[in-house]
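Heads up: the structure comes next, in structure tokens.
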Amino acid sequence: MLKGNFYNITTIANEEGQVNLTLELNAAHPIFGGHFPEQPVVPGVCMMQIITETLEDAVQQKVVLQKAGLMKFLNMIDPVQQPQVDVNLTYKAEENGGWKVNATLKKEATTFMKFQGVFK
130 MLKGNFYNIT TIANEEGQVN LTLELNAAHP IFGGHFPEQP VVPGVCMMQI
180 ITETLEDAVQ QKVVLQKAGL MKFLNMIDPV QQPQVDVNLT YKAEENGGWK
230 VNATLKKEAT TFMKFQGVFK
């Protein structure tokens with residue numbers, strides 16, 4: 130779990146089927162020492178974990194990624210230059226018990242990541 134260490138949520142609006150939150154990245158987190166020294170960048174796997182944790186909090190259950198129909202990393206997130214990131218996530222229950230998810234990580238006009246997929 131990255132929440133509470135790698136990032137903290139500063140604002141959240143949670144409605145049925147939708148979560149919008151702003152998070153603050155911890156630029157001093159040890160992961161940035163290796164990814165990368167002198168040029169910290171949020172790893173793509175951490176962006177996916179943020180989406181996973183946001184969905185888990187919304188649906189109050191553990192989930193596992195089943196299918197990623199779209200996963201685009203459009204811009205790098207430097208936690209020093211861009212310490213706050215907005216996460217917009219919509220989700221819908223599927224008949225098989227999974228969750229269809231659309232998510233973006235962005236700040237103002239800059240989109241860092243787009244995701245569409247299914248969690249179970």
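Residue numbers (the working numbering): 130 to 249.
Think of the CB as a built atom: it goes at the ideal place given N, C-alpha and C, for glycine as much as any other residue.
I need the DSSP call for leucine 184, collapsed to helix, strand or coil. Taking the first residue of the sequence shown as position 1, residue 184 is located at position 55. Three-state result, leucine 184: helix.
Name, in chain order, the residues that DSSP records as bridge partners for phenylalanine 244. Residue numbering aside, residue 244 sits at position 115 when the sequence shown is read from its first letter. Met200 and Ala232, per the DSSP bridge assignment.
Residue(s) in a DSSP beta bridge with aspartate 215: Along the sequence shown, read from residue 1 onward, the residue named residue 215 stands at position 86. The partner list for aspartate 215 (beta bridge, DSSP) reads Thr151 and Lys235.
What first and last residue would you give for the beta strand (DSSP E) that runs through isoleucine 138? For this step, residue 138 is matched to residue 9 along the sequence shown. From DSSP, the beta strand (DSSP E) with isoleucine 138 extends over 136 to 144.
Between the alpha carbons of tryptophan 228 and leucine 131, how many angstroms are there, rounded? Taking the sequence shown and counting its residues from 1, the one referred to as residue 228 is at position 99. Taking the sequence shown and counting its residues from 1, the one referred to as residue 131 is at position 2. In this structure, the alpha-carbon of tryptophan 228 lies about 21 Å from that of leucine 131.
Rounded distance between the beta-carbons of lysine 201 and lysine 243, thought under 8 Å: Along the sequence shown, read from residue 1 onward, the residue named residue 243 stands at position 114. Along the sequence shown, read from residue 1 onward, the residue named residue 201 stands at position 72. Cβ-Cβ separation between lysine 243 and lysine 201: approximately 5 Å, consistent with a contact (criterion under 8 Å).
To which residues does DSSP link alanine 156 through a beta bridge? Along the sequence shown, one-based indexing puts residue 156 at 27. When beta bridges are read from the DSSP output, alanine 156 appears opposite no residue.
When you compare each of Val192, Phe241 and Leu218 to proline 208 by their alpha carbons, which one comes out closest? Residue numbering aside, residue 208 sits at position 79 when the sequence shown is read from its first letter. For proline 208, the closest alpha carbon among the candidates Val192, Phe241 and Leu218 is that of Phe241.
Glycine 198 to glycine 246 span [Cα, whole Å]: Against the sequence shown, residue 198 aligns to sequence position 69. Against the sequence shown, residue 246 aligns to sequence position 117. Those two C-alpha atoms are separated by around 5 Å.
Whole-Å CB distance - isoleucine 206 paired with valine 171, under 8 Å assumed: One-based indexing of the sequence shown puts residue 206 at position 77. One-based indexing of the sequence shown puts residue 171 at position 42. The beta carbons of isoleucine 206 and valine 171 sit about 4 Å from each other, so the pair counts as a contact at 8 Å.
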